[in-house]
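>
What follows is the structure, encoded as structure tokens:
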């Protein structure tokens, strides 16, 4: 008997859950629940990684799934984080706040368009330009962190830091800097050696305990690693 819900539907279901989280984040930002909105973006990023894993596991990757994934990503990693930044404080900056927050939507839309035509990814699993989920998680975790520790940057307004962050993320999404894929589940990861398993547990433990701060610092290291590697390759090519 044919299953009423084939396994091949699971990736698309996870993608729709990703989109739902992005939409719910918009509602929460509008209602003033900014921390919830930020966590919904982070959850959406986890679902974005899960749908690809399930698609590979069930051998159900398709062009339809890829297009649906891009639409969900624009909602969850473009529009939702932009509105989160706007609701966090850009709203009081008038047209400047609108333009600053729009940078994330613009960056994500152009980044996804490049990815869809094959100009932002490669067969080796590397990405050209900062992936939009990474940019969204960086912004969302920063906002949550600032909600808990608004006086962290003494003498500097959190809005100034957020403005610089939005500009940086938008530029990096359009850059030619090469980024590796973020750690993700695969069939190989199901049979990790003991030491690697312990390290994975330690990373997850730190993310759970330190929460938004750990997410932000982890993403910042990921961003800087890409910049450093690109600079190193540029210097090597110049010398040679």
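Numbering (the working numbering), first residue to last: 785 to 1024. Built from N, CA and C at the ideal position, the CB exists for glycine as well.
What span of residues does the alpha helix (DSSP H) with residue 895 cover, start to end?
The residue you call residue 895 lines up with position 111 of the chain shown. Its alpha helix (DSSP H) spans residues 879 to 900.
> When you compare the CB positions of residue 910 and residue 862, do they come within less than 7 Å of one another, or not?
Position 126 of the chain shown holds residue 910. Position 78 of the chain shown holds residue 862. Not a contact, by the Cβ cut-off of 7 Å.
> If contacts are defined as beta-carbon pairs under 8 Å, then residue 894 and residue 958 qualify, I think. What distance do you get, rounded to the angstrom?
Your numbering for residue 894 matches position 110 in the chain shown. Your numbering for residue 958 matches position 174 in the chain shown. Going by Cβ atoms, the distance from residue 894 to residue 958 rounds to 6 Å, so yes, they are a contact pair.
> For residue 919, which residues in the same chain have their Cβ closer than 6 Å to its Cβ, ignoring the five residues on either side in sequence?
One-based indexing of the chain shown puts residue 919 at position 135. Once the five neighbours on either side are set aside, the close Cβ partners of residue 919 are 953 and 957.
> So residue 855 is in the alpha helix (DSSP H); what residue range does that whole segment cover?
Numbered from its first residue, the chain shown carries residue 855 at position 71. Segment 847 to 858, the alpha helix (DSSP H) holding residue 855.
> Nearest by alpha-carbon distance to residue 865: which of 878, 947 and 900 is it?
Counting from 1 along the chain shown, the entry for residue 865 is found at position 81. The shortest C-alpha separation from residue 865 is found at 947.
> Have a look at residue 822 and residue 1023 and give me their C-alpha separation to the nearest angstrom.
As a working note, residue 822 is residue 38 in the chain shown. As a working note, residue 1023 is residue 239 in the chain shown. Between residue 822 and residue 1023, the C-alpha separation is close to 44 Å.
> Beta-carbon separation of residue 858 and residue 883 under 7 Å?
What you label residue 858 is simply residue 74 of the chain shown in a count that begins at 1. What you label residue 883 is simply residue 99 of the chain shown in a count that begins at 1. Result no, Cβ atoms of residue 858 and residue 883 do not sit closer than 7 Å.
> What does the alpha-carbon distance come out to for the pair residue 982 and residue 834?
The residue given as residue 982 occupies position 198 in the chain shown. The residue given as residue 834 occupies position 50 in the chain shown. Below a pLDDT of 50, predicted positions are generally treated as unreliable, and residue 982, at 49, falls in that range; no measurement from the model is reported.
> Could you name the residues of the same chain whose beta carbon sits closer than 6 Å to that of residue 829, not counting the 5 residues immediately before and after it, in chain order?
Residue mapping note: residue 829 aligns to position 45 of the chain shown, counting from 1. Excluding positions up to five away in sequence, the list reads 917 and 921.
> If you draw a straight line from the C-alpha of residue 879 to the C-alpha of residue 1020, how long is it?
By one-based count along the chain shown, residue 879 stands at place 95. By one-based count along the chain shown, residue 1020 stands at place 236. For residue 879 and residue 1020, the distance between alpha carbons rounds to 43 Å.
> According to the neighbour-count rule (16 or more other Cβ atoms, all chains shown, within 10 Å of its Cβ), is residue 814 buried or exposed?
In the chain shown, residue 814 corresponds to position 30, counting from 1. Exposed, by the Cβ-count rule.
> Whole angstroms are fine: how far does the CA of residue 853 sit from the CA of residue 796?
Start at 1 with the first residue of the chain shown, and residue 796 comes out as number 12. Start at 1 with the first residue of the chain shown, and residue 853 comes out as number 69. Approximately 8 Å between the Cα atoms of the pair.
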